[in-house]
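Input: a single structure, listed below in structure tokens.
There are 2 protein chains.
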Amino acid sequence: MNFIGIDLGATEIKAGIVSKDGKIIDKTAIHTPIDGAVGAVVDSIDMLTARFLKTDNDTIQSVKGIGIGIPGVCNDEGLVYYAPNLFWNNVPLGDLLRKKTNIPVFIENDATMAVVGEAKCSVAKGISNCVLITLGTGIGSGIIINGDVYKGNHGIGAEIGHMIVGENFYNCNCGNNGCLETFSSATALVKYTEKLLSDSGNSLISEKLLSDSGNSSISRKLPSNSSNSFVSGKLLSDSCSSLISEKIDNDMERLDAKLIFDCAKKGDFVANKAVDRLVKYLAIGIGNIINILDPEMVIIGGGISKAGDYLIDKLKKEVPKNIWLKSMNFTEIVLAGLGNDAGIIGGAMYAESKLSL
Amino acid sequence: MNFIGIDLGATEIKAGIVSKDGKIIDKTAIHTPIDGAVGAVVDSIDMLTARFLKTDNDTIQSVKGIGIGIPGVCNDEGLVYYAPNLFWNNVPLGDLLRKKTNIPVFIENDATMAVVGEAKCSVAKGISNCVLITLGTGIGSGIIINGDVYKGNHGIGAEIGHMIVGENFYNCNCGNNGCLETFSSATALVKYTEKLLSDSGNSLISEKLLSDSGNSSISRKLPSNSSNSFVSGKLLSDSCSSLISEKIDNDMERLDAKLIFDCAKKGDFVANKAVDRLVKYLAIGIGNIINILDPEMVIIGGGISKAGDYLIDKLKKEVPKNIWLKSMNFTEIVLAGLGNDAGIIGGAMYAESKLSL
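Same order as they appear, the protein sequences are chains P and H. Quick note on numbering: the working numbering labels position 218 of the first sequence as 396, and the sequence is numbered without any gaps. Quick note on numbering: the working numbering labels position 148 of the second sequence as 326, and the sequence is numbered without any gaps.
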């Protein structure tokens, strides 16, 4: 008995056929039809599904259901209320797909699919209460409560990325200020690093010199013309952030989260300052989740999670500062286990769980 | 078939005998034994219970269980991990009481008991997903998910008062900075009002004059010696906050949340500034709860809820600003319905629900 899992992203549609115990039998991916038109996406999903159904006669019989993760929110029937990166509002994806196929189709948020995958087949196997946070371009999340997906009364919950955790220098795409996503996503990390590199020259130089020397008198040694942005920018690139500047060859377009983490690991001052800020607010977000939901496990996924134990170790140090009852610091913080296959496996496992109800 | 509900507070133990449908048949209250010794509290609860069992022969037979709400956190067996206002750590209250009585005893957090009461017999009747926030000396909360109490994997969840929502000028009792409790409890309201009255004279006077005149040039008219704290304090009490100062007769000890809300309702500038800050952060907290849990209803209880629709109207205006998907602003925000009896009724209904499992 097999299931098809589909991970519908804004740039790529990944699809796979997965066994009942969560093993990928075959997988593929295509570019998402670029104009985002609903019909073209439906046709692409149908084509991918047909491929798995047609490659092997045994398989045709054995596919019991399809689970599709979407980058947005939807109801149980697969009416997609909102998927900003696909430019979708109120798209009846479930109905459209059901007209194309006779196999049961289940649609859910992509981070929710990922947490189902982790809970059924990976790091959270056997765990009844867990939360997955995917740190990518944005921040997604999925919540499992008492063994079941929890998405709220109107299907718009589990949006931990929009928890307000402070005040920020730019607004979130949702229109609010202070969303976790604007502090701890890959986008946020890049934006803050850019800000540090471009407009904070003087104070950053002082801070760096102080941190290097441990001597507060050294800040007086700064040149008197350091308020000139060119001079301070030059000084900055020379003294504070040679590694980032060198790696991107002063081309901000080349700045990305991986590069910033790599520079932080090598001790770069600016990169560390940016990573520390990401971690500080992420630890507030995780602390809040622990104070509210007290899960057994918090799972970190998405592109930023590729920083690995370097990130997890920082979180394990920082999160306890935000837990209200410090003597009961029991929630495990771990890296997601399924990597790029989380959407495919999670989608398939979601279909499996729905059909076994 | 009846149940006993007990609300164990730091100053008072309230107890009542409650019918299966949530009606109080009889109730009473005694002072909590002042030294907080566990044995004395257990004896008091036993005495209150005995009173209901002995007053009426029919009643003895019909009491099926006792539910006790505690100002702290505990496990399902009634081991109280932590109840700061009772100075309790790891007190086996459940075991101690079970030695005294043959009737089943169930122990839970007091705000959790209150949300059970609201969900079984009051404003949240028939609602499967709701959150109650009690705004008192601190901030408590209770969560119902899919019709059941949710308190997390280790029993320390549902502590919405310790959600970090910003940076504050004083730390929370839990040791952290920025907990919702330090912005939106009665204690927080009083502390912030005291701060406004005592140390913000100059800026507050400018702000008040600007707000009165709508003319930014007016701030230049402030006396040049307004940095003198006596002068500014005098000016403040004359021009900015005559109502609060008058009501408390300049005695800060007399400042309380009710008085501040009353002064705000009458248009007092300082009181409004303090209430607006309480509402701003409470709306962030509620918005976060909606973005994470998307409940059908958020219920506001506790002493501050006596501000009534004045508070609810402000929240209904402010909360939507913090919801990520503004087109789906569906969560109802309502006042708690059970008032001072919430603990008794909730405790009894919790026992009823546990016994009918």
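The beta carbon of each residue, even a glycine, is placed where N, CA and C say it ideally should be. All values derive from a computational prediction rather than experimental measurement.
Interface flag, residue i vs chain H, CB-CB below 7 Å
i	result
P/P498	no
P/H340	yes
P/C352	yes
P/N307	yes
P/P401	Only weak support is given to the placement of P/P401: the predicted model assigns it a pLDDT of 39, under 50, and the value that follows is read from those uncertain coordinates. It does not; no Cβ of chain H falls within 7 Å.
Given residue i as reference, the closest of the options once Cα atoms are compared
i	options	result
H/G333	H/C252, H/G521, H/N280, H/T290	H/C252
H/A461	H/K484, H/L437, H/P498	H/P498
P/N354	H/G465, H/D185, H/V219	H/G465
H/V476	H/K504, H/S306, H/R432	H/S306
H/W548	P/E337, P/E296, P/N469, P/I482	Because chain H in this structure spans residues 179 to 535, residue 548 of chain H falls outside the shown range and cannot be described.
P/G247	P/V294, P/A215, P/K277, P/Y488	P/V294
H/C357	P/K373, P/V343, P/D185, P/N351	P/V343
H/N349	H/G272, H/G335, H/G187, H/K369	H/K369
P/F181	P/E190, P/V196, P/A188, P/K192	P/V196
H/L375	H/E474, H/M430, H/K232, H/S483	H/M430
P/L226	P/E372, P/K278, P/L513	P/K278
H/L471	P/D221, P/I322, P/G316, P/E190	P/I322
P/G486	P/P473, P/D273, P/K436, P/G304	P/K436
P/L624	P/D273, P/D221, P/A228	Because residue 624 of chain P is not part of the residues shown, which for chain P are 179 to 535, the question remains open.
Within-7 Å CB hit, residue i to chain P
i	result
H/M291	no
H/C441	no
H/A188	no
H/S410	For H/S410, the pLDDT reaches just 43, beneath the cut-off of 50, and the residue's location in the model is therefore unreliable, although a value from the coordinates is still provided. Output row for H/S410: interface = no.
Distance cut-off 6 Å: residue i Cβ against heavy atoms of the ligand NAP
i	result
P/K458	Judged by which ligands are present, the structure shown has none, so any question about the ligand NAP falls away.
Counted within 10 angstroms of its Cβ, other Cβ atoms place residue i as buried (16 or more) or exposed
i	result
P/Y459	buried
H/N537	In the structure as shown, chain H begins at 179 and stops at 535. Residue 537 of chain H is therefore absent and cannot be evaluated.
P/G194	buried
P/E530	buried
P/Y260	buried
P/T451	Note that residue 451 of chain P is Lys in the sequence shown here, rather than Thr. P/K451 should be labelled buried.
H/D185	buried
P/S217	Looking at the sequence itself, residue 217 of chain P is Gly, so the reference to Ser does not match. Label assigned to P/G217: exposed.
H/D213	exposed
H/D519	buried
P/F347	exposed
H/N324	exposed
P/K504	exposed
P/Y488	exposed
H/L535	exposed
P/E341	Sequence inspection shows Met at residue 341 of chain P; the Glu mentioned does not correspond to that position. With 16 or more Cβ atoms within 10 Å of its Cβ, P/M341 is classed as buried.
Could you tell me whether the segment 492 to 503 of chain H touches the segment 201 to 215 of chain H, using the rule of 3 or more Cβ pairs below 8 Å? no
If the cut-off is 9 Å on Cβ atoms, which residues from the segment 249 to 280 of chain P count as contacting chain H, listed in chain order? V251, Y259, Y260, N267
With 9 Å as the C-beta to C-beta threshold (strictly closer), list the residues of the segment 315 to 336 of chain H near chain P in chain order. Listed by position, the residues of the segment 315 to 336 of chain H near chain P (Cβ gap below 9 Å) are S319, I321, I323, N324, D326, Y328, K329, G330, N331, H332, G333, I334, G335, A336.
Which of the residues in the segment 456 to 488 of chain P, read from start to end, lie with their CB under 7 Å from any CB of chain H? Taking 7 Å as the upper bound on Cβ-Cβ separation, chain H lies near residues I462, G465, N466, N469, I470, L471, D472, P473, E474 of the segment 456 to 488 of chain P.
Using 8 Å as the Cβ pair cut-off and three pairs as the minimum, do the segment 280 to 287 of chain P and the segment 523 to 533 of chain P touch? yes
Is it a yes or a no for the segment 503 to 513 of chain P touching the segment 481 to 492 of chain H, going by three-plus beta-carbon pairs under 8 Å? no
Give a yes or no on contact between the segment 257 to 274 of chain P and the segment 295 to 314 of chain P, applying the rule of three or more CB pairs nearer than 8 Å. no
Determine contact between the segment 348 to 366 of chain P and the segment 455 to 462 of chain P, defined as no fewer than three beta-carbon pairs at a distance below 8 Å. yes
Just by C-beta distance, which residues in the segment 491 to 518 of chain H are closer than 9 Å to chain P? The segment 491 to 518 of chain H vs chain P, Cβ under 9 Å: K499, N500, I501, W502, L503, K504, S505, M506, F508, T509.
Under 8 Å, with one C-beta from each stretch per pair, do the segment 306 to 317 of chain P and the segment 426 to 443 of chain H reach the 3-pair mark? no
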